[in-house]
Amino acid sequence: MPLQYVCYDCGSRGSDGSGRCGCGEPLWLDTSPGAFDWDDTVDAPGLWRYEPLLPAPLPNPPSLAAAAGGTPLLRDDALDSFVGASVHLKLEGQQPTGSFKDRGSALALAAMEAGLVGGDGETAIGTVSHGNMAMSTAAFAATFDRLCVVLVPDDIPPERLGVIGQFDPTILRVRGDYGRLYERSLELGAEYGIRFVNSDSPLRVEGQKTTALELCEAFVPSVPDGIVLPVSSGGHASGVWKALRELRAAGAIDDLPALYLVQAAACAPIAEAFAAGAKTVSSVEGGETIAYSIANADPPSGNRALRAVRDTGGAAIAVADDAIRAAQRELATEAGVSVETAGAVALAGAKQLVADGVITEDDDVAVVATGTGLTEASADVSAPAVDLAALDGRLAEFADR
């Protein structure tokens, strides 16, 4: 039976997996788990622990998909002091390719392998990305022996092409409106047998909802007071919200954690809409930010992310680049964790929410560090040279510290 889809907004249902409803809003999978409690999880690795809540089973043989999900939750007193509340850091950088995108890639490939989407006419997988999602999709396609096409903007830095290209996908640099490329890829993919799993496509959202499943299980019998998440397209936020709704409907949790979404101040359409009390998100011109991977001026699931914030009693805020740098440095020098700038946005946001009185010092807050910093260029570092004969003198300095 083909997968069924539903619009979160108008409720329309159907079997068209294009990703958009006739009303213009994004679709997600129509899943009704029924009763579920934490004893219903299965003996399987990573995100597949929650197979009763997923539309596709772990492939056999499992290959790379078995390594997706199951990331640790870190506690560190230094982070509590920095933020001003109890911080539980979700380390998505420990995914196979270093970001939360592996959750959606694993689920999408599993659905293709199980014949739940596409059938014989859809043999390739694709995505529109110039970063983590491109690398993740290409890696999982390689392990499943699927053709993969990655559409990137024409001005992508050469070093990024190298990171994506190591998995041997077909990479096409596309000139023109990068925002329009999202929609055009879905149109052409349907015509040429390519399953495009873009930032907020139903299959990717379904995989990404497992972030929230892991967080909620870690807090049983309660839930975290809040979940702080960087937001770009709104796809990850949509997945987290979907998971929370399903868990409550199934009786596995009683209350919804507040969902706090954080953007970089230079490009913050969702935060601006929330601050203005708007019902919908409008596109912005946007500016440059060090958190370039979440600088989405016209998020395709912006309205859905905004609804998620309000449904859970959360907030959407923006933080400046200086705050992002400070959070990234705190994570590295105090907790020993390397995160991408987009991942540091969440910690910076948690600190700001405490300063604003939205989160209190007694709250237990899950902060999602979405990806490793090891794939990004680091800041300039001074490394003085020293002669071997003079090394003892330099090392002796440590004896006095």
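Just so we're aligned: 1257 in the numbering used here is position 248 of the sequence shown, and the numbers increase by one with no gaps anywhere. Glycine included, every Cβ here is placed at the ideal spot set by N, Cα and C.
Ranked by Cα distance from T1146, the first of L1118, G1322, A1304, E1226 is L1118.
Distance from the CA atom of A1077 to the CA atom of G1055, rounded to whole angstroms, is 6 Å.
Following the DSSP letters along the chain, one finds L1397 in no beta strand (DSSP E), marked with neither H nor E. Each residue's CA atom was taken as its position, placing L1253 and G1198 some 31 Å apart. In the same chain as C1032, and ignoring 5 residues on each side of it, the C-beta atoms closer than 8 Å to its own belong to C1016, D1018, C1019, S1021, in chain order. At least 8 Å separates the beta-carbon of I1279 from that of T1350. Only buried fits N1207, as 16 or more other CB atoms lie within 10 angstroms of its CB.
Rounded to whole angstroms, A1259 and G1043 show a C-alpha spacing of 5 Å. In the three-state scheme derived from DSSP, where H, G and I count as helix and E and B as strand, D1049 is classed as helix. By the beta-carbon neighbour count (other beta carbons within 10 angstroms, threshold 16), S1231 is exposed.
If you draw a straight line from the Cα of D1331 to the Cα of R1029, it comes to about 37 Å. If you check the CB distance, A1246 and L1268 come in under 8 Å.
Bridge pairing for R1182: V1161 [DSSP]. Rounded to the nearest whole angstrom, the C-alpha separation of R1257 and D1263 is 6 Å. Spatial neighbours of G1382 in its own chain (CB-CB distance under 6 Å, excluding positions within 5 residues in sequence) are listed in chain order as S1347, V1348, E1349. Two segments are said to touch when three or more pairs of C-beta atoms, one from each, lie closer than 8 Å; by this definition the stretch 1131–1140 does not touch the stretch 1089–1102.
Check the Cα spacing between D1177 and each of R1184, D1371, V1240, R1155: the tightest is with R1155. Check the Cα spacing between V1377 and each of L1012, S1024, N1069, K1110: the tightest is with K1110. In the three-state reduction of the DSSP assignment, I1326 falls in the strand class. Separation of the CB atoms of D1234 and V1374 is rounded to 6 Å, and the pair is thereby assigned contact status at 8 Å. Boundaries of the beta strand (DSSP E) around K1099: 1095–1100.
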